[in-house]
Amino acid sequence: MIKTLEFGLDTFGDVTTGPDGELLPRPQIIRDVVEEAVLADRHGIDFFGVGEHHRKDFAVSAPELVLAAIAARTSRIRLGSAVTVLSSDDPIRVFQRFSTLDAISNGRAEVILGRGSFIESFPLFGYDLSKYEELFEEKLDLFSEIVSKDVVNYRGEWRAPLEDQRIYPPIAEGRLKTWIGVGGSPESVIRAVRHNMNLMLAIIGGDPARFAPYIELYKKASEQAGRGAGDIGVHSPGYVAESDELRAAVQKSATVAAE
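Quick note on numbering: the sequence shown equals residues 206 to 464 in our numbering.
The following block contains the structure:
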């Protein structure tokens, strides 16, 4: 099967400065993100991802709401998270929010699940950071059940059991496209294979070539599991502007906002 190369854009709704050198209001940044996605749709970009953060240097804390606003004003671009911090969320509610987005967008929703590169959501939502690994593992197990089965039965440590539960609204056609965000752990690659999910490599810094072995591991482990590998994506940060000078100015303003 021949797979094509696709191009997407991700944003966290970074708080940056305006022409007057002052920080832009966060509500304005959220509206700007919507306009950026509408422009991306118009120019043929394949995917637009909105990340989740709960800190002063990023404006977006509820990406699904932003994506829903984008869905209402676009027609073809696929929409997803970048990433959804599953460890500090409820897998049922995550699925419901994205299945609702899938309905609004007529089948264009995707979700990238991860543990996040920041930890501010843990104290904010009352989760014990010492359970970082356990929370993600259990919640991913449940999410995998939800996306792959019509009726869910589940028992775990962190919540009451589920018995013969249907989760609404369902995906209209097929299965919600789900990715596992991997920041450099072979265990995370194997986890993506175990749950039959797509692989998204989060290259936050360093030499991208060091991630090549994870791609080979994903393909080999998928083959050993008796199925072909899923889609493989790469996320890498950067700044886009009309010139190198403007790009440098945008990068500088983002640094100022984070301080």
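Glycine residues also receive a C-beta, built at the ideal position from the N, C-alpha and C atoms.
Quick caveat, the model's predicted, so the values are computed rather than measured.
DSSP three-state label for Phe-323, please. Residue mapping note: residue 323 aligns to position 118 of the sequence shown, counting from 1. It is coil, neither helix nor strand.
Could you please give me the residues that DSSP links to Asp-215 through a beta bridge? By one-based count along the sequence shown, residue 215 stands at place 10. BP columns for Asp-215 point to Gly-254.
Under the three-state DSSP convention, the category Phe-330 falls into: Mapped onto the sequence shown, residue 330 falls at position 125. Correct three-state label for Phe-330: coil.
Under DSSP, the beta strand (DSSP E) around Asp-307 begins and ends at which residues? Within the sequence shown, numbered from 1, the residue matching residue 307 stands at position 102. Segment 296 to 309 is the alpha helix (DSSP H) holding Asp-307; no beta strand (DSSP E) there.
Can you name the residues that DSSP bridges to Gly-285? Numbered from 1 along the sequence shown, position 80 holds the residue referred to as residue 285. Per DSSP, Gly-254, Glu-315.
Out of Arg-371, Ala-377, Lys-344, which one is the CA nearest neighbour of Arg-364? For the purposes of this step, residue 364 is taken as residue 159 along the sequence shown, with counting starting at 1. Sorting Arg-371, Ala-377, Lys-344 by C-alpha distance to the C-alpha of Arg-364 places Lys-344 at the top.
Does Ser-280 come within less than 9 Å of chain C when only Cβ atoms are used? You won't find chain C in this structure, because it holds only one protein chain.
Uninterrupted beta strand (DSSP E) stretches inside the stretch 356 to 442 (no shorter than 3 residues): Correct list: 357 to 359, 367 to 370, 382 to 387, 403 to 407, 437 to 440.
Beta-carbon proximity list for Phe-348, same chain, < 6 Å, skipping 5 on both sides: Position 143 of the sequence shown holds residue 348. Cβ within range, chain order: Pro-296.
Helix, strand or coil for Val-352 per DSSP? By 1-based counting over the sequence shown, the position of residue 352 is 147. Looking at Val-352 - three-state DSSP - the assignment turns out to be helix.
Counting pairs of Cβ atoms below 8 Å between the stretch 287 to 306 and the stretch 414 to 431, do you hit three or more? Short answer: they don't touch.
Please classify Phe-330 as buried or exposed, where buried requires at least 16 other C-beta atoms within 10 Å of its C-beta. Along the sequence shown, one-based indexing puts residue 330 at 125. Here Phe-330 is exposed: its Cβ has fewer than 16 other Cβ atoms, across all protein chains shown, within 10 Å.
Take the Cβ of Ser-280 as the centre, count every other Cβ of all protein chains shown within 10 Å, and call the residue buried at 16 or more, exposed below. Start at 1 with the first residue of the sequence shown, and residue 280 comes out as number 75. Its Cβ having fewer than 16 others within 10 Å, Ser-280 is exposed.
Candidates Pro-366, Ile-351, Gly-386, of which the one nearest Tyr-373 by Cα: Here residue 373 refers to the residue found at position 168 of the sequence shown. Nearest of Pro-366, Ile-351, Gly-386 to Tyr-373, Cα basis: Ile-351.
Contact defined as beta carbons within less than 8 Å: I believe Val-290 pairs with Gly-321. What is the distance between those atoms, to the nearest angstrom? The residue given as residue 290 occupies position 85 in the sequence shown. The residue given as residue 321 occupies position 116 in the sequence shown. The Cβ separation is near 4 Å, so the contact holds.
Between Ser-286, Lys-261, Ile-282, which lies nearest to Pro-268 when the distance is taken from Cα to Cα? For the purposes of this step, residue 268 is identified with residue 63 of the sequence shown, where counting begins at 1. Taking each of Ser-286, Lys-261, Ile-282 in turn and checking the Cα distance to Pro-268, the smallest one comes out for Ser-286.
Taking DSSP as the reference, what is the three-state secondary structure of Leu-228? Position 23 of the sequence shown, counted from the first residue, corresponds to residue 228. Strand at Leu-228.
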